[in-house]
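Participant:
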Amino acid sequence: MLSVSLSLAAGAHLRVACNDAGGRVLSTAEEYAAAGFGDAGSIEVVGCDVCNRDTHCYAPGTASASMKDGECVCACGSGGYGEACVPAGAPALPPATGTASSVFVRENLTMRSVFVVPAGASEVTLRHVVLDGVSPVLYVPWMARDGVRIVVQNVSLRNGAVLYVMGGGGLRGAVAAGSNESGPVELSVCNVEALNGVLVLSGTFPAGSVLTVTDSLLVAARPTPLVYLSGSRSSPYAPLLVLSGLRLVRSVLVVSGVALVTVVTGGRTVVVDGAVLELVGGGVALDAAVFGGEYALYAS
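15 is the number that our numbering gives to position 31 of the sequence shown; each next residue is one higher, with no gaps.
1) Determine the direct distance from the alpha carbon of residue 189 to that of residue 234, and round the result to whole angstroms.
2) Less than 8 Å between the CB atoms is what I'm expecting for residue 136 and residue 176, so what's the real figure, rounded?
3) Please work out which residues of its chain come closer than 6 Å, Cβ to Cβ, to residue 130, disregarding the five sequence neighbours upstream and downstream, and give them in chain order.
4) Assign residue 145 to one of two classes, buried (16 or more other C-beta atoms within 10 Å of its C-beta) or exposed (fewer than that).
5) Whole angstroms are fine: how far does the CA of residue 89 sit from the CA of residue 109?
6) Would you grab the beta carbon distance between residue 253 and residue 223 for me? Rounded to a whole angstrom, and I think it's under 8 Å.
7) Contact defined as beta carbons within less than 8 Å: I believe residue 47 pairs with residue 56. What is the distance between those atoms, to the nearest angstrom?
8) Counting C-beta neighbours from all protein chains within 10 Å, is the total for residue 125 16 or more, i.e. buried, or is it exposed?
9) Indicate whether residue 93 and residue 115 have their beta-carbon atoms separated by less than 8 Å.
10) DSSP state of residue -1, grouped into three classes?
11) Give me the Cβ distance between residue 121 and residue 148, rounded to the nearest whole Å; I'm assuming they're in contact under 8 Å.
12) Are the beta-carbon atoms of residue 226 and residue 184 separated by less than 8 Å?
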């Protein structure tokens, strides 16, 4: 069952297709509104058999969409990747550019202690890494001011490991750098597996940022402490993806091909913590995402 509560600002528009809630197919704007998807007047319902880039693809990265062999196929334009033409695909690693001081790479190892990314880093790569019970923080304002590329690929979160990716103001107690003056952040999280591990996105991200989570499976069998979100009420719900005070400035968050599953009674697979998910000229795109548990989105 997917239970959400969305509040759409004036002028916002929601296009939906082929969804169900509580085992019942949603077919009208009124039914979507009753399921918590906002005001019926802001919802456009599109038929499942409609094939266009607005319904079956991530539109900004799609040149066109057409039927081929009975399936709707997206043809990607500039900046589109994969079946849905999302903004970031599986990257070629390790990074090809940058100096030793600006590139931080950890690969093919198990980490049981917290690591520190050097100040001013422009590229951060975690590939084929197991995070075992540790909670590293990737704090964007301490990285390069002209833009940051963060790649998390084939990473396993185990035994309460939490990966924090924090924009300006996300790290409580730290001096918040002027993130709006920074270059964009390109975050690509792909092929991540988690058993009792959490991904946390928080704080303000600079204009033009693209945060992408693709092709991943996260499972919760018990709550995981969120040590860097003091005062947060999220942890008891055993979430797998936490959006805490997240503010996207002319930026986008894409979740594609991701399965979030909790077996905790009353668990919430996704938590919007502090009732803050502020989009300033930005957006959120969900494609082929599976949310398990009684609730998928919870605003505290």
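Beta carbons are placed, not taken as given, at the ideal position from N, Cα and C, and that holds for glycine. Source: prediction; values computed, not measured.
Facilitator: This is what the structure gives:
1) Counting from one through the sequence shown, the residue named residue 234 turns up at place 250. Counting from one through the sequence shown, the residue named residue 189 turns up at place 205. Rounded to whole angstroms, residue 234 to residue 189 spans 9 Å at the Cα level.
2) For the purposes of this step, residue 136 is identified with residue 152 of the sequence shown, where counting begins at 1. For the purposes of this step, residue 176 is identified with residue 192 of the sequence shown, where counting begins at 1. Yes, residue 136 and residue 176 are in contact; Cβ-Cβ is about 6 Å, under 8 Å.
3) What you label residue 130 is simply residue 146 of the sequence shown in a count that begins at 1. Around residue 130: 167.
4) Mapped onto the sequence shown, residue 145 falls at position 161. Taking all protein chains shown into account, residue 145 has 16 or more neighbouring C-beta atoms within 10 Å of its C-beta and is therefore buried.
5) Start at 1 with the first residue of the sequence shown, and residue 109 comes out as number 125. Start at 1 with the first residue of the sequence shown, and residue 89 comes out as number 105. Taking the straight line from one Cα to the other gives about 5 Å.
6) Numbered from 1 along the sequence shown, position 269 holds the residue referred to as residue 253. Numbered from 1 along the sequence shown, position 239 holds the residue referred to as residue 223. Confirmed, Cβ separation roughly 6 Å.
7) If you number the sequence shown from 1, residue 47 lands on position 63. If you number the sequence shown from 1, residue 56 lands on position 72. Their Cβ separation, rounded to whole angstroms, is 14 Å, which puts residue 47 and residue 56 out of contact at 8 Å.
8) Locating residue 125 in the sequence shown gives position 141, where the first residue counts as 1. By the neighbour-count definition (other C-beta atoms within 10 Å, threshold 16), residue 125 is a buried residue.
9) Looking up residue 93 in the sequence shown gives position 109. Looking up residue 115 in the sequence shown gives position 131. No, Cβ-Cβ distance for residue 93 and residue 115 is not below 8 Å.
10) To locate residue -1, count along the sequence shown from 1; it is residue 15. DSSP places residue -1 in strand when its eight states are reduced to three.
11) For the purposes of this step, residue 121 is taken as residue 137 along the sequence shown, with counting starting at 1. For the purposes of this step, residue 148 is taken as residue 164 along the sequence shown, with counting starting at 1. About 4 Å; that satisfies the 8 Å criterion.
12) Start at 1 with the first residue of the sequence shown, and residue 226 comes out as number 242. Start at 1 with the first residue of the sequence shown, and residue 184 comes out as number 200. Yes. Within cutoff.
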